[in-house]
Structure formats: structure tokens, C-alpha cells
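Q: Last residue of the sequence shown? That's 168 in the numbering used here, and every number before it is there in order. Beta carbons: idealized from backbone N, C-alpha and C, even for Gly. Since we're looking at a predicted model, the values are computed, not measured.
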Amino acid sequence: LSSGMQEGPAAAIEVCSELAPGIADSLSVDCVRMGRSSHKLRNPDNVAPGWLEPVIESYASGDVELRAQTVPLADGRSGYSEPFIVLPMCLTCHGTNLDADVAAQFAANYPADQATGFSEVDFRGVFWVEF
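(1) Tell me where the alpha helix (DSSP H) around residue 129 begins and ends.
(2) Which word fits residue 120, buried or exposed, when buried means at least 16 other C-beta atoms lie within 10 angstroms of its C-beta?
(3) Looking at the structure shown, is residue 74 part of a helix, part of a strand, or coil, going by DSSP?
(4) Going straight from the alpha carbon of residue 135 to that of residue 160, what length do you get?
(5) With distance defined between alpha-carbon atoms, name the residue in 45, 93, 116, 92 nearest to residue 68.
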């Protein structure tokens, strides 16, 4: 993502929308699944697994500290979530004042986009793993 941002918002959007899901898929092997999700989704393909929904809600509401959590799942499996916050570079695509071209790109590709309106250090979402 950092490399993409050096080339501009369009390249960063490509990383998030096309490359990141492929990376998660390629690492989801041998009974391990991983992804990213949020309380404010841009891509509906990133909807949280059921076990993760209350974890995300607790982060978003401020009920818990923004730190990694492990959750016991059925059949001896575990779920791991690691929250991430909005950094200054994130505001280009997730802030309140988007460039018109960036906003148009999101409107065309993600008509139900909810992933804007953030400020620096806001809770943005989670990386998660089931194992």
C-alpha cells in the first residue's frame, strides 16, 4: 500500500481492491483462513465471519482497548483479530474530504461504500485469522 501511495491514490486503490484479497487467499491454506474487515466496509466481500462481528463492534464502540484478541471457536479452532487505526496516509481514501477523482472511483466500484469519514487514529478495522 505504501508503494502504491507513492504512485498516487489510483495505484493504492488497486492494491487494496485487487492485490490484498489475493494475498489473503494465497495465505489461507492448511485449515487457516485470513482476511480483513471493518464496521464500515468499502468492499462487501470483506464482511466479517460471525465470530468476528462482536469483536469489531467492541473495538468500534470503544468498549475494549485496541489490541489483539484471540477468541475460542468450535472444534478446537481459534480466531485472532488485530485492530488497525487510521494513519495520515489512509485519509486520502478514508477521510472526510476525498479528491473528486478518488470519490468517483469509489462510487463506480463500491456504490455502497461506508469506509469514509474517518479521522487520524480512528479505529479502521481488523486483520483476522482463523486457525
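A: Inspection of the coordinates gives the following:
(1) 128-131
(2) buried
(3) strand
(4) 19 Å
(5) 116
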